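Those letters in the sequence shown? Residues 1 to 298, by my numbering. Data block below; observations after.
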Amino acid sequence: MANLGFIGLGLMGYPMARNLLDAGHNVALWSHSPGKAQKLAAEKGGTLCNTPAEVAAHADCMFYCVGDSQMSTELCLGTDGLLSGAKPGSVVVDASTISPSASRKLSAAFAAKGVHFLDAPCTGSRPGAESGNLTFMVGGDQAVFERVKPFFEPMGKKLYYCGGPGLGLHAKLTQNLVLSNLLNAFNEGLVLSTKAGVDPNLMLDILDNSAAKSGLISFKAPYVFRRDFSTNFSVKWMHKDIGLMLDSAAELEVPLPLTALTRQMFQAAIASGHGEEDICSTIKVLEGLAGVEVKSKA
């Protein structure tokens with residue numbers, strides 16, 4: 001049993017923190033929405049805190065999962081932030097997907113106080129968070145990661161050490177780059193084949209038995225076919241991640257022409273009112289332009 005902390009109890013963070021509590025750890029909790037922390041504490045016995053600094057004072061290792069770089073920076077360095085309460089030798093783990101350069105600045109700020117910092121973005125969406133089967137990509141000091149590795153295990157079963165500060169985030173952004181571009185290709189292909197008259201279920205079966213087979217497509221297509229766009233990973237957050245990819249590419253002088261176009265399609269989905277829906281709802285943009293709906297005939 002360890003003294004841990006968890007901050008950020010959203011779609012991903014709530015089940016992640018719950019899994020740490022279910023594993024028997026003492027977990028200090030804080031959220032911008034106090035009701036979420038109160039609910040989890042009532043359900044599982046976590047310790048309610050009034051500020052991130054109070055979480056840091058309770059915990060030897062604290063995790064957080066928030067939306068973007070600005071939120072992460074404010075949470076860590078702002079008034080009553082983690083840095084103000086963290087004890088020397090403790091470990092802060094950022095499970096968010098933020099800018100690698102912003103993350104390295106946070107790492108340096110914590111290091112100046114003798115606090116360790118790991119960037120550890122995760123993938124697996126809501127189902128992975130709920131089942132404790134997330135995949136983490138970790139950047140920072142390897143010895144520190146090995147020390148706190150057991151605390152990751154109630155939340156995820158695949159843990160990849162990627163290198164120094166920021167490299168976990170670079171790995172996560174690459175994974176999401178491939179994912180978002182694959183989704184855009186699926187959208188184009190299925191809108192085209194459906195308008196031509198090919199049954200979507202037949203087209204999926206063909207894809208699943210060809211060199212174009214994709215785990216993402218196999219998982220997401222049935223949601224599209226039954227018109228279920230409930231959120232596992234929202235359009236607005238993937239759009240944010242694609243922006244981080246393009247920013248990192250500019251810093252590293254790497255052209256990403258396909259990814260730039262994909263971001264425009266996600267922007268179009270947001271402009272069409274689908275920002276809070278699951279990423280598979282991006283197909284609606286092309287459906288609207290083509291005048292066809294990709295759905296199961298059954």
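From the three backbone atoms N, C-alpha and C, an ideal C-beta is built for every residue, glycine too. No experiment lies behind these values; they were computed from the predicted model shown.
In terms of residue numbering, what span does the beta strand (DSSP E) encompassing residue i cover?
| i | result |
| --- | --- |
| residue 62 | 61-64 |
| residue 135 | 134-139 |
| residue 162 | 156-163 |
| residue 119 | 116-119 |
Given residue i, which residues of its chain have a CB within under 7 Å of its CB, disregarding the five upstream and five downstream residues?
| i | result |
| --- | --- |
| residue 133 | 124, 156 and 157 |
| residue 103 | 94, 119, 165, 166 and 169 |
For residue i versus residue j, is the C-beta distance shorter than 8 Å?
| i | j | result |
| --- | --- | --- |
| residue 297 | residue 199 | yes |
| residue 2 | residue 68 | no |
| residue 84 | residue 112 | no |
| residue 131 | residue 182 | no |
| residue 86 | residue 115 | yes |
| residue 225 | residue 277 | no |
| residue 282 | residue 235 | yes |
| residue 96 | residue 64 | yes |
| residue 75 | residue 62 | no |
| residue 9 | residue 45 | no |
| residue 28 | residue 5 | yes |
| residue 188 | residue 261 | no |
| residue 177 | residue 238 | no |
| residue 265 | residue 184 | yes |
| residue 280 | residue 223 | yes |
| residue 179 | residue 207 | no |
| residue 227 | residue 242 | no |
Considering only residues of the same chain and omitting the five flanking positions on each side of residue i, which have a CB-CB separation below 8 Å?
| i | result |
| --- | --- |
| residue 255 | 249 |
| residue 251 | 101 |
On the CB-based measure, 16 or more other CB atoms within 10 Å of its CB, does residue i come out buried or exposed?
| i | result |
| --- | --- |
| residue 79 | exposed |
| residue 146 | exposed |
| residue 150 | exposed |
| residue 221 | buried |
| residue 257 | exposed |
| residue 50 | exposed |
| residue 219 | exposed |
| residue 171 | buried |
| residue 210 | exposed |
| residue 18 | buried |
| residue 140 | buried |
| residue 108 | exposed |
| residue 100 | buried |
| residue 106 | buried |
Using a Cβ-Cβ cutoff of less than 6 Å, which residues in the same chain neighbour residue i once the five nearest sequence positions on both sides are dropped?
| i | result |
| --- | --- |
| residue 23 | 154 |
| residue 31 | 9 and 37 |
| residue 128 | 134 |
| residue 57 | 85 |
| residue 11 | 126 |
| residue 15 | 129 and 130 |
| residue 268 | 285 |
Over the uninterrupted alpha helix (DSSP H) stretch that includes residue i, give me the two end residues.
| i | result |
| --- | --- |
| residue 111 | 100-111 |
| residue 1 | First-last for residue 1: undefined, no H or E at that position. |
| residue 26 | Careful: residue 26 lies outside any alpha helix (DSSP H), inside the beta strand (DSSP E) at 26-30. |
| residue 286 | 283-290 |
| residue 94 | That residue, residue 94, is in no alpha helix (DSSP H); its beta strand (DSSP E) goes 91-94. |
| residue 209 | No alpha helix (DSSP H) contains residue 209, which DSSP labels as neither H nor E. |
| residue 146 | 142-152 |
| residue 129 | 125-131 |
| residue 84 | 82-85 |
| residue 16 | 13-22 |
For a minimum of 4 consecutive residues, which ranges assigned as the alpha helix (DSSP H) are wholly contained in the stretch 219-260? Taking only runs of at least 4 residues, the alpha helix (DSSP H) segments lying wholly in the stretch 219-260 are 235-252.
Along the chain, which unbroken stretches of the alpha helix (DSSP H) at least 4 residues long are found entirely within the stretch 171-207? Listed in chain order, nothing qualifies, since the stretch 171-207 has no complete alpha helix (DSSP H) run of 4 or more residues.
Fully enclosed by the stretch 37-79, which beta strand (DSSP E) runs are 3 residues long or longer? Taking 3 residues as the minimum length, the beta strand (DSSP E) runs contained wholly in the stretch 37-79 are 61-64, in order along the chain.
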